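Asks: Got a structure for you, written out below as C-alpha cells; questions coming shortly.
In the numbering used here, the protein residues as written are 48 to 356.
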C-alpha cells in the first residue's frame with residue numbers, strides 16, 4: 048500500500064517532449080528580435096557558409112531574404128557532439144512539487160526541461176547528444192548519438208529524474224565529473240546543470256574536476272540553477288520557520304528577517320567567487336534562475352555553438 052501511495056505521488060511532467068517543443072518554438076519565434084535574426088525558422092535546416100567550402104549547396108533563396116550565406120544541411124551530417132550532465136541530488140528537488148508546467152518548476156524540473164529543449168534543437172540540427180545524471184551515485188550514462196530512438200530514450204530518463212525523490216543524498220559532483228570526463232573521448236560541448244551546493248568537499252576539487260572535463264578540448268558551460276527569490280534574496284515571510292538541509296537533514300529554527308541581510312551577503316559573495324573561478328578556468332558560467340524563461344539557456348547554446356563548430 049505504501050508503494051502504491053508513492054507511485055500515486057509521482058506525477059512529474061505530463062509530456063516533456065511537447066513542453067520542450069513549445070519552449071523551442073517560442074524561442075525561435077522571438078529570434079527575429081535578437082542578434083540571431085536570419086536564423087529563425089530556417090536555422091534548423093541550414094548552417095552558416097564558411098569561406099573555402101564548396102558553393103554547390105548554398106541556399107540562394109535564403110540569401111535573397113537574409114543577405115547571408117547558408118548551406119543546406121543533409122541527414123547524414125553531424126557537426127556537433129553535446130553531452131548534458133544533470134545534478135539530481137536532494138537539493139535539486141527544491142522547492143518540493145508534485146507536478147510541473149512551463150510556469151511551475153523547481154530546480155530539477157527546470158534543468159530537465161532546459162535539457163529537453165536543448166535536445167530538441169540538437170535533434171533539428173542533426174547533432175549527437177549524450178546524457179549523464181548523478182546524485183550520490185552515477186545514476187545514468189548514455190553516449191552521444193543522434194537517432195530518434197536515442198532521443199526518446201533520453202527523454203524517458205529525464206522524465207524519471209524529476210520524480211526520483213532522493214532523501215538526504217549528498218552530492219560529490221567532483222567525483223562524477225572525473226568519471227564523465229573519462230567517458231567522453233571526442234571533442235564535445237558539455238552542459239552541466241547544478242545548483243553548486245557541495246557538502247563534503249571544497250570547491251577546489253570541483254574545479255579540478257571541471258578542468259578534467261576540458262582536457263580533451265571540450266567546451267564546458269555551467270548552468271548554475273537556483274531559485275533567485277528564495278536561495279539568493281531569501282524572500283520568505285517573517286513567520287518562524289524550520290529550514291532543513293535536504294542533503295544532511297540538519298535544521299535550524301528562525302525568523303527569516305533576522306538573518307536575511309547576512310545570508311544575502313554570504314550567498315552573493317559565494318556566487319561571485321564561482322563566477323570568477325569559472326572565468327579563471329575558461330568555463331562559461333550562466334545564471335539559471337528557475338523563475339525565468341529558457342531564452343538565456345538557448346541563446347547561450349546558439350552563441351557557444353557558433354564559436355565551437
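Ideal Cβ positions, reconstructed from N, Cα and C, are used throughout, including at glycine.
Fair warning: this is a prediction, and the values are worked out from it, not measured in the lab.
(1) Cα-Cα, which of 350, 263 and 190 is closest to residue 179?
(2) Could you give the distance in angstroms between the alpha-carbon of residue 331 and the alpha-carbon of residue 66?
(3) Taking C-alpha atoms, which residue in 297, 250, 311 and 261 lies nearest to residue 275?
(4) For residue 209 and residue 231, I'd like the C-alpha separation in whole angstroms.
(5) Three or more C-beta pairs closer than 8 Å, one from the region 336-349 and one from the region 249-261: is that the case here?
(6) Kindly examine the ligand MN and report whether one of its heavy atoms sits closer than 7 Å to the Cβ of residue 98.
(7) On the criterion of 16 or more Cβ atoms from any shown chain inside 10 Å, does residue 154 qualify as buried, or is it exposed?
(8) For my contact list, residue 236 and residue 325 are in at a C-beta cut-off of 8 Å; report their separation, rounded to the angstrom.
(9) Drop a sphere of 10 angstroms on the beta-carbon of residue 335, count the other beta-carbons inside from all chains shown, and report buried for 16 or more, exposed for fewer.
(10) Just verifying my parser: in three-state terms, what is the DSSP assignment at residue 317?
(11) Output needed for residue 164: all residues of its chain with C-beta closer than 6 Å, excluding positions within five of it in sequence on either side, in chain order.
(12) One question on the structure: do residue 185 and residue 223 come within less than 8 Å of each other, judged by their Cβ atoms?
(13) Measure the CB-CB distance between residue 240 and residue 161 and report whether it falls below 8 Å.
(14) Give the straight-line distance between the Cα atoms of residue 131 and residue 200, rounded to the nearest whole angstrom.
(15) Taking the C-alpha atoms as reference points, what is the distance between residue 104 and residue 94?
(16) In the DSSP assignment, find the alpha helix (DSSP H) that holds residue 254 and state where it starts and stops.
(17) How would you call residue 356, buried or exposed, if buried means at least 16 neighbouring beta carbons within 10 angstroms?
(18) Helix, strand or coil, according to DSSP, for residue 128 in the structure here?
(19) Is it the case that the Cβ atoms of residue 242 and residue 139 are separated by a distance below 8 Å?
Replies: Let me lay it out:
(1) 190
(2) 26 Å
(3) 311
(4) 25 Å
(5) no
(6) As far as ligands go, the structure on display features none, and thus does not contain the ligand MN.
(7) buried
(8) Contact flag wrong, Cβ pair sits at about 15 Å.
(9) buried
(10) helix
(11) 67, 70, 71 and 341
(12) yes
(13) yes
(14) 14 Å
(15) 10 Å
(16) 250-260
(17) exposed
(18) strand
(19) yes
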